[in-house]
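Numbering (our numbering), first residue to last: 1017 to 1222. What follows is a short report on a single structure.
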């Protein structure tokens, strides 16, 4: 027994003999450390209108520019739950300056990519493009956010799309489980609401 205690004490003084990290993990840790060194610093500025801008300069020929808006299911109530997601669906249907076709052609001719998504806390609109086209991408995103057309025909078409999306989600076990987990963990609060909202709300959004 005393011999075992002495061996343990000796190993404790020489910590490397207690736990040996496999070489493959050592190399992964080194690669991760190097990757962190290569990450460009994030610069945070605030415009006069209060808009906060976070930017990183990687020196790459491509860029991603986006707008993160505090609009999601946590900011909704029982009557309008699902509206943020519905509006996200309407975003690329044309503006007062550009028809949907014009918008799609302009983005395609830039070799860019537009997309959007809604979470419980944010709605995000973003563009991936060449670095030289960032000013144009910002102008397009600004037009979409401020001047989107909400035509009756487009609303009805997207209503059908969203209702079908909801049916698909209801057959996805993972989605259903996570919605129930959120509902249970945040019961009684706005974070417990689903992103898509209840079917009855979507049917009557105008």
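C-beta atoms are modelled at their ideal positions from N, C-alpha and C, and glycine is treated no differently.
Among the options, the one whose alpha carbon lies nearest that of residue i
i, options, result
"residue 1071", "1133, 1082 and 1065", "1082"
"residue 1165", "1089, 1078 and 1115", "1115"
"residue 1222", "1207, 1169, 1109 and 1192", "1169"
"residue 1203", "1090, 1119 and 1056", "1090"
"residue 1137", "1062, 1195 and 1092", "1092"
"residue 1056", "1064, 1076 and 1063", "1076"
"residue 1148", "1189, 1080 and 1061", "1080"
Separation of residue j from residue i, as counted between CA atoms
i, j, result
"residue 1214", "residue 1066", "34 Å"
"residue 1085", "residue 1176", "25 Å"
"residue 1035", "residue 1186", "Caution is warranted here: a pLDDT of 49 is assigned to residue 1035, below 50, making its placement in the model unreliable, and the coordinate value is therefore given only provisionally. Distance between the alpha carbons of residue 1035 and residue 1186 is about 47 Å."
"residue 1110", "residue 1182", "24 Å"
"residue 1159", "residue 1139", "16 Å"
"residue 1064", "residue 1179", "41 Å"
"residue 1193", "residue 1113", "42 Å"
"residue 1153", "residue 1206", "33 Å"
"residue 1211", "residue 1106", "16 Å"
DSSP bridge partner residues for residue i (one or two, in chain order)
i, result
"residue 1080", "1144"
"residue 1060", "1070"
"residue 1085", "1139"
Integer Cβ distance of residue i from residue j, believed to fall under 8 Å
i, j, result
"residue 1104", "residue 1078", "In fact, because the Cβ distance is near 24 Å, the residues do not count as touching under 8 Å."
"residue 1218", "residue 1098", "5 Å"
"residue 1146", "residue 1127", "7 Å"
Q | Uninterrupted alpha helix (DSSP H) stretches inside the segment 1100-1177 (no shorter than 4 residues) | A | Counting only runs of 4 or more, we get 1116-1125 and 1150-1163.
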